[in-house]
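Novice: Protein sequence lines, in the order shown, are assigned to chains G and D.
Everything in the first sequence is counted per the numbering used here, starting at 1 for the first residue and increasing by one.
Everything in the second sequence is counted per the numbering used here, starting at 1001 for the first residue and increasing by one.
Okay, handing you the structure first.
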Amino acid sequence: MFLNRLKNEFLNIFTDKAVLITVLGGVLLYAVLYPQPYLNQLPLQQAIAVVDQDNTPASRRLIRYADATPQVHVAGRVGSISEARSLLLDGQVRGMMIIPRHFERDLGLSRSPVIGLAGDANFFLIYGTVIEGLAGAVMSTGAMVRVRELMLAGVPLSFAVKDWSPIHLNERPLFNVGMGYLGYVLPAIFILILQQTLLLASGLIGAESGEKSGLSLSRAGSIFGVRFVAMFSIYFLLTQFYMGACFEFYGISRNAHIVDLWLMITAFIAASVALGILFGLLLPGRELAAPLVMVSSLPMAFTAGFIWPRELLPEPVLWISQWFPSTSAIQGFLKLNQMGAEFSQVLNHWWGLWALAGFFSLLSLILMTRSTHAGR
Amino acid sequence: MQALKSELAAVRSDRWLLALVFWLPPVLSLFLLLIFSAGQPLNLPVGVVDLDQSSLSRKVTRYLDASPALNITRHYSSIAQGKEDISDADIYALVVIPANLSRDVMRGEAPAISAFFNAQYLLIAKAIRSALIEIETTLAVELDVGRTLVHTPVIKAALATSMPVRSQMSALYNLNLNYATFLVPALLAALFTLLIICVTILSLGKKDKHRVSSRPAKLAVELARRSLLYTCVFSIHILLSLAFLYGTLDWPHQLSLGGLLPLIILFVMACQLMGAFFYVLTFDRVRSLSLAGAFSAPAFAFLGVTFPASDMTVFAQFWRDLMPAAHYLNGFLNQVSYAAGAAHSLQPILVMLVFAVLIPVVVYRFKDQQDGAG
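Below, the structure written as structure tokens:
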């Protein structure tokens, strides 16, 4: 009986073109399409313009240092700041370095000349890269001068090289060690893609269904159960595909123990399927499913905490975001799979997802059993 | 006028279309704006392991806490404890002050302070990293000046010795590196792309549509008349949202209405054409919306605001060029920050005119469908 209904539900899903486009087309397409912008991982070799008002061996050495950094390459030397500005406007360069007149002389006289560095801050990642590269070149020049001075003062080279700064910072990026973009975006956004395609598909199926209200509890329970099992099994597999083959292909770390991962996936899919069924019941027509799912994606992505710190979200935004399964799921999965947390450390997210699953299921059952004359 | 009125009546009869056209755009825009209301990542929780417990190590701790980007929320007695809280995301970074820091500095052994930070959250990691580097520089100069003053008792000269070259950094066009002014315009462009494409498909596919002419020219006029309302409403939405950001909130800008208006209207029309194109692919609202969703849902990622377009793969750049929002944003940024001359704003406008090639495609598909039906 149950198996028969389940078979019908699967038939429904796999014969509905719109649902197929969403579930299989969407999930497979995004696995290829979404990583596209980030395949290069880091923006390197940004073009910069140099305004060399000194034109001495020292200034040329600084320019060589800048050119030698992986972050920037010197695309042009221009005579004035306004020329550099127009190159920036044309998009030919992303930043500039201005070496003042008497740079070499001031360096020799210990007057600590000031190098002007500027970058286009309309694009933060470019700005950061340009400044990192240029500041590094300036620092190398400074270090070299220091080492030379120390040696002149009689300090042996081996000490001078170490001693040019009294204290050092040893930076250790953790988890996404290369600080690349794929490892940052994909693990989180793939979870959102799974949730959104699932919501869309359940919306399309649910909106079509004639039995939305006025059902007996056992009938409602059976419809709910069948739909739940069908969607759950499809998405349990698709999640495995994303977190297995796709992560492997894109070189994303998979630190979680498989059992922990399954536990988390189960809670995440359960919450999403329950929300999807509820969504389908509330939708007046299936054409509204895609617009609502699409416009909700941006707010969901930016409140999940992997881009913008959740500590800084205003209270109402925080409150709304806790109703999206993706919020807890993204945090839980990132901690388990990327940051190597123990399952006990993500229990709050796990229980949060089950609470959502329970709440959305209950609401769906109430809606289905409520007797209204609004049902078609 | 007549066309506007009849279409408006049609929208008002559909509660959900009404929402998508009139009140969801401002509500969603405000929500996105609210997310970034802090402007900059500030007071990010970090932990400290102080293995030295000297006046110098306490100074380091004070400097960390004084940095606007950081907020020391935890003190640990061992690294292991702190690391657990990092993988728990309770703290975003762990600063380890080594034992004998003070002694090593005195001896000139250049000790290293270690900072472990969570690079999974890239934006946060970058904010923490630059705060740490700033503190490192301040500390280094301060310690060094103290050392040099012994030999060169003139502060200015001592300063010059510790920093032979200085650099002054300017963040052009976004002076205080505000994330809201950086991200929100692009988010709105992506949001409006989705809204306009969806509304176009919904409105073209309404069941109560009257018969249209089968002569291509008349049909084109008819379709244009029916789309006019949405062109107007969405252009006004975008204008109002920009007026709120750059007027009411007083974000810095170099915008002028004259330069902006053609850009906005062309952007809206280009999105409408994309929507119409997706509609005529299937003549089925639901399936067209699924296709349109597949195309435009990742719009934001391709816009190239977070990850620069120039560093994308060739395919990603091609895909980006298919998005009206990418060209709109190019033109918008030219105007908002560069105060670029007409020549610079003209190019994105001309590029968006290319979307007009979709007009004959849409019209002829409609004609075919009419002929088929009749």
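By construction, the Cβ of each residue, glycine as well, lies at the ideal position given by its N, Cα and C atoms.
Just so it is clear, the structure is predicted and the values come from calculations on it, not from any experiment.
So, for residue 1100 (chain D): in the same chain, excluding its five sequence neighbours on each side, which residues have a beta-carbon less than 8 Å away from its beta-carbon?
Specialist: These residues qualify, in order along the chain: 1052, 1111.
Novice: I'd like the list of long-range same chain contacts for residue 374 (chain G), defined as Cβ closer than 8 Å, with 5 residues on each side in sequence excluded.
Specialist: At residue 374 (chain G) the pLDDT is 48, less than 50, meaning the model places this residue with poor confidence; the figure from the coordinates comes in the next sentence. Within the same chain, residue 374 (chain G) has close Cβ partners 213.
Novice: Can you list, in chain order, the residues of the region 1 to 30 of chain G whose Cβ is nearer than 8 Å to any Cβ on chain D?
Specialist: Hits within the stretch, in order: 17, 18, 21, 22, 25, 26, 29, 30.
Novice: Name, please, each residue of chain G whose Cβ falls closer than 9 Å to the Cβ of residue 1271 (chain D).
Specialist: Correct list: empty, because the minimum Cβ distance to chain G is about 13 Å.
Novice: Just the chain G side, please: which residues come within less than 8 Å of residue 1168 (chain D) by C-beta, in chain order?
Specialist: What residue 1168 (chain D) touches in chain G: 114, 115, 116, 117.
Novice: Would the beta-carbon of residue 207 (chain G) fall within 9 Å of that of residue 119 (chain G)?
Specialist: No, the Cβ-Cβ distance between residue 207 (chain G) and residue 119 (chain G) is not below 9 Å.
Novice: Count the other C-beta atoms from every protein chain shown that fall within 10 angstroms of the C-beta of residue 1047 (chain D), then say buried if there are 16 or more, exposed otherwise.
Specialist: Residue 1047 (chain D) comes out buried.
Novice: Taking the alpha-carbon positions, what's the residue 376 (chain G) to residue 210 (chain G) distance?
Specialist: Note that residue 376 (chain G) scores a pLDDT of 42, beneath 50, so its modelled location is shaky and nothing firm can be said.
Novice: Kindly indicate which residue of G:171, G:149, G:127 has the alpha-carbon position closest to the one of residue 1173 (chain D).
Specialist: Here the closest residue by C-alpha is G:127.
Novice: So the beta strand (DSSP E) residue 171 (chain G) belongs to, where does it begin and stop?
Specialist: Per DSSP, residue 171 (chain G) belongs to the beta strand (DSSP E) from 168 to 174.
Novice: Which residues of chain G have a Cβ atom closer than 7 Å to the Cβ of residue 1285 (chain D), listed in chain order?
Specialist: Neighbours of residue 1285 (chain D) on chain G, chain order: 287.
Novice: What separation, rounded to the nearest whole angstrom, lies between the Cα atoms of residue 245 (chain G) and residue 329 (chain G)?
Specialist: The alpha-carbon atoms of residue 245 (chain G) and residue 329 (chain G) are separated by roughly 20 Å.
Novice: Leaving out five residues before and five after residue 1226 (chain D) in sequence, what residues of the same chain have Cβ atoms less than 8 Å from its Cβ?
Specialist: Counting only Cβ-Cβ distances below 8 Å, and skipping sequence neighbours, we find 1003, 1007, 1203, 1204.
Novice: Below 9 Å on C-beta distance, what does residue 1453 (chain D) contact in chain G?
Specialist: The requested residue 1453 (chain D) does not occur in the structure, where chain D is confined to residues 1001 to 1374.
Novice: Counting only Cβ pairs nearer than 9 Å, list the residues of chain D close to residue 61 (chain G).
Specialist: Ordered by position in chain D, no residue passes the 9 Å Cβ test against residue 61 (chain G), which lies about 11 Å from the chain.
Novice: Rounded to whole angstroms, what is the Cα-Cα separation between residue 88 (chain G) and residue 96 (chain G)?
Specialist: Whole-angstrom Cα-Cα distance: 8 Å.
Novice: Considering only DSSP beta bridges, list what residue 1075 (chain D) is partnered with.
Specialist: According to DSSP, which records beta bridges pairwise, residue 1075 (chain D) is partnered with D:1048.
Novice: Between residue 335 (chain G) and chain D, is the shortest Cβ-Cβ distance under 9 Å, so that the two count as touching?
Specialist: So yes, residue 335 (chain G) belongs to the interface.
Novice: Any chance you could list the alpha helix (DSSP H) runs of at least 4 consecutive residues sitting entirely within the region 67 to 91 of chain G, in chain order?
Specialist: Taking only runs of at least 4 residues, the alpha helix (DSSP H) segments lying wholly in the region 67 to 91 of chain G are 81 to 89.
Novice: Is any beta-carbon of chain D found at less than 9 Å from that of residue 266 (chain G)?
Specialist: False, the Cβ-Cβ gap to chain D never drops below 9 Å.
Novice: Using a Cβ-Cβ distance under 9 Å, would residue 128 (chain G) count as near chain D?
Specialist: Residue 128 (chain G) counts as touching chain D.
Novice: For residue 298 (chain G), which residues in chain D fall below 7 Å Cβ to Cβ?
Specialist: Correct list: 1032, 1187, 1190, 1191, 1300.
Novice: Using DSSP with H/G/I as helix, E/B as strand and the rest coil, what is residue 1323 (chain D)?
Specialist: Three-state DSSP puts residue 1323 (chain D) in coil, outside helix and strand.
Novice: Can you find a CB in chain D that lies within less than 9 Å of the CB of residue 242 (chain G)?
Specialist: No, its Cβ sits nowhere closer than 9 Å to a Cβ of chain D.
Novice: Near residue 301 (chain G), which residues of its chain fall below 6 Å by C-beta distance, leaving aside the five closest residues on each side in sequence?
Specialist: So the list reads 192, once near-sequence residues are dropped.
Novice: Per DSSP, which residues does residue 1171 (chain D) bridge with? Please list them.
Specialist: The partner list for residue 1171 (chain D) (beta bridge, DSSP) reads G:119.
Novice: Are the C-beta of residue 1088 (chain D) and some C-beta of chain G separated by less than 9 Å?
Specialist: Closer than 9 Å: yes.
Novice: Residue range of the beta strand (DSSP E) that residue 1118 (chain D) falls in?
Specialist: Taken as a continuous stretch (DSSP letters only), the beta strand (DSSP E) holding residue 1118 (chain D) covers 1112 to 1118.
Novice: Let me know the alpha helix (DSSP H) ranges lying completely inside the region 297 to 333 of chain G, each 4 residues or longer, listed in chain order.
Specialist: The region 297 to 333 of chain G contains these whole alpha helix (DSSP H) runs: 315 to 321, 325 to 333.
Novice: To the nearest angstrom, how far is it from the Cα of residue 7 (chain G) to the Cα of residue 234 (chain G)?
Specialist: C-alpha separation (whole angstroms): 13 Å.
Novice: Which of the three DSSP states is assigned to residue 93 (chain G) in this structure?
Specialist: Residue 93 (chain G) falls in the coil class under three-state DSSP.
Novice: Rounded to the nearest angstrom, what separates residue 258 (chain G) and residue 155 (chain G) at their Cα positions?
Specialist: Cα to Cα, the separation comes out at about 57 Å.
Novice: If the criterion is Cβ atoms closer than 9 Å, does the pair residue 2 (chain G) and residue 216 (chain G) meet it?
Specialist: Their beta carbons are not under 9 Å apart, which means residue 2 (chain G) does not touch residue 216 (chain G) by this criterion.
Novice: Is residue 1364 (chain D) close to chain G? Criterion is C-beta to C-beta, closer than 9 Å.
Specialist: Judged by the 9 Å Cβ criterion, residue 1364 (chain D) is not in contact with chain G.
Novice: Any contact of the region 1018 to 1032 of chain D with the region 1071 to 1084 of chain D, i.e. 3+ C-beta pairs under 8 Å?
Specialist: Because the criterion of three Cβ pairs below 8 Å is not met, the region 1018 to 1032 of chain D and the region 1071 to 1084 of chain D do not touch.
Novice: With 7 Å as the limit, tell me which residues of the region 1005 to 1017 of chain D have their beta carbon closer than that to any beta carbon of chain B; keep them in chain order.
Specialist: Given the protein chain composition of this structure (G and D), no chain B is represented.
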